[in-house]
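Novice:
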Amino acid sequence: MYQFPHKNILDTDQFTKQDLDFILEKTNIMKELLHSGKSFGLLHGKLLASLFFEASTRTRLSFESAMERLGGRVISTVGFQFSSISKGETLYDTMKMVEAYADIAVIRHPVEGSSRIAAGAVKMPVINAGDGAGQHPTQALLDLYTILSEKGTLENITIGFVGDLKYGRTIHSLIKALKFYKVHVVLISPEELKLPDDYKKNLLGSALSFEETTDIKKIWDCDVIYVTRIQEERFPDHKEYDRLKETYKVNKELILASKKNTTVLHPLPRVTELSTDVDDLPNAAYFKQAEYGVIVRMVLLCLCLGKEF
Ligand code: NCD
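When we follow our numbering, the leftmost residue of the sequence shown carries the number 763, and every step to the right adds one.
1) Should SER951 go down as buried or exposed, given a rule of 16 or more other Cβ atoms within 10 Å for buried?
2) Mind listing, in chain order, the continuous alpha helix (DSSP H) runs of no fewer than 4 residues lying wholly within the segment 807–891?
3) Assign ILE978 to one of three DSSP states: helix, strand, or coil.
4) Smallest Cα separation from LEU1036: which of GLY1055, HIS1028 and LYS1069?
5) Grab me the residues of GLY803's own chain with a C-beta within less than 7 Å of its C-beta, minus the 5 sequence neighbours each way, in chain order.
6) Please indicate yes or no: does the CB of GLY841 lie closer than 6 Å to some heavy atom of the ligand GDP?
7) Using a threshold of 6 Å, is the CB atom of PRO1029 nearer than that to any non-hydrogen atom of the ligand NCD?
8) Where does GLU1035 sit, in a helix, a strand or coil, going by DSSP?
9) What separation, rounded to the nearest whole angstrom, lies between the Cα atoms of ARG831 and MET763?
10) Assuming LEU782 and PHE942 are in contact, meaning their beta carbons sit under 8 Å apart, how far apart are those beta carbons, in whole angstroms?
11) Which word fits GLY925, buried or exposed, when buried means at least 16 other C-beta atoms lie within 10 angstroms of its C-beta?
12) The ligand NCD and ARG820: does the residue's C-beta get closer than 6 Å to at least one heavy atom of that ligand?
13) Looking only at its own chain, which residues have a Cβ that is under 7 Å from the Cβ of GLU874, when we skip the five neighbours before and after it?
14) Sort PHE972, ILE1017, GLY841 and VAL884 by Cα distance to ILE919 and report the nearest one.
15) Label HIS797 either buried or exposed according to how many other C-beta atoms from any shown protein chain fall within 10 Å of its C-beta, with 16 as the threshold for buried.
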């Protein structure tokens, strides 16, 4: 029988297709448990350390909500200025201490690779909630779940990624997960913000096919349009950000010219790249996407802590 083999969740690369399908299936089960009130108590007595050293609204609150909805509890630190890292403590030492206080940790940090360092310091499970421009695997899982829920399938669909494909970690994680499915991906970005070559190499020989373009009208051919924010905080040169920040604006007019049933996703927060006039269209699924974050994270907390349901 299949047993979920992972203690940590650090990078979507760690998953097989079987792992992904298992998580998606478990998410449906958890949805039922949550709605019937039976999820409460699954993690009773467990403590989550919520360590967010970079800005977050949805990811942090949905992890904390997930833990509380499972009957567990949360301790947290937000921002460097309120943790001993501001006094020069290393992440390694911080994690050693956190291990004494909690059963599982979720960490967001501006440095790529930091969650792996954190996981290497401790025996308890560690979940990466975003490490710089690197990975954001739990977002990818909730994105997969949203696409599956909206489209009824993860096969034979065309998905457009729009915006900052260079620094956008949600894209980096999602595209690695999608490579197991027969999808066509249209990568739409300015030349300067194309998907890095390593990610493209990773897709060679996979079930996924892709094309690259700068033309926003390519979204008209897509079944799913995944819009992303230009990642201001990752640009070494702010003038470059100012030059590129308004490259695309996905608005009602563009969506109405697209396939009738196209689904619009965005990991949020949005700035100007996705107009609020899209919100009222039946195609807009980004608030639902954010909502699914709680259920998917409930599943992941249970799986990492070895709690069966
Ligand atoms: C994303 C992130 O932090 O990478 N937000 C999120 O977790 N929902 C996307 C972003 O900040 O643009």
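Here a beta-carbon is modelled for each residue, glycine too, at the ideal position from N, C-alpha and C.
Specialist: To lay it out plainly:
1) For the purposes of this step, residue 951 is taken as the residue at position 189 of the sequence shown. Using a 10 angstroms sphere on the CB of SER951, the tally of other CB atoms reaches 16 or more, which defines it as buried.
2) 820–831, 853–863 and 876–883
3) Taking the sequence shown and counting its residues from 1, one reaches residue 978 at position 216. Helix, per DSSP.
4) Counting from one through the sequence shown, the residue named residue 1036 turns up at place 274. Answer by Cα proximity: HIS1028.
5) By 1-based counting over the sequence shown, the position of residue 803 is 41. These residues qualify, in order along the chain: GLY833.
6) What this structure holds is the ligand NCD, not the ligand GDP.
7) Locating residue 1029 in the sequence shown gives position 267, counting from the first residue. Yes, Cβ of PRO1029 sits closer than 6 Å to a heavy atom of the ligand NCD.
8) For the purposes of this step, residue 1035 is taken as the residue at position 273 of the sequence shown. Three-state result, GLU1035: coil.
9) Residue mapping note: residue 831 aligns to position 69 of the sequence shown, counting from 1. Residue mapping note: residue 763 aligns to position 1 of the sequence shown, counting from 1. Cα-Cα distance, rounded: 28 Å.
10) Position 20 of the sequence shown, counted from the first residue, corresponds to residue 782. Position 180 of the sequence shown, counted from the first residue, corresponds to residue 942. About 6 Å separates the beta carbon of LEU782 from that of PHE942, a gap short enough to meet the 8 Å contact definition.
11) Within the sequence shown, numbered from 1, the residue matching residue 925 stands at position 163. GLY925 comes out buried.
12) Taking the sequence shown and counting its residues from 1, one reaches residue 820 at position 58. Yes, since a heavy atom of the ligand NCD falls inside the 6 Å radius drawn around the Cβ of ARG820.
13) Counted from its first residue, the sequence shown places residue 874 at position 112. Excluding its 5 nearest sequence neighbours in each direction, GLU874 has C-beta neighbours in its own chain below 7 Å: ASP893, GLY894, ALA895 and GLY896, listed in chain order.
14) Position 157 of the sequence shown holds residue 919. Closest by alpha carbon: PHE972.
15) As a first step, residue 797 must be located in the sequence shown, where it is residue number 35. Exposed is the call here.
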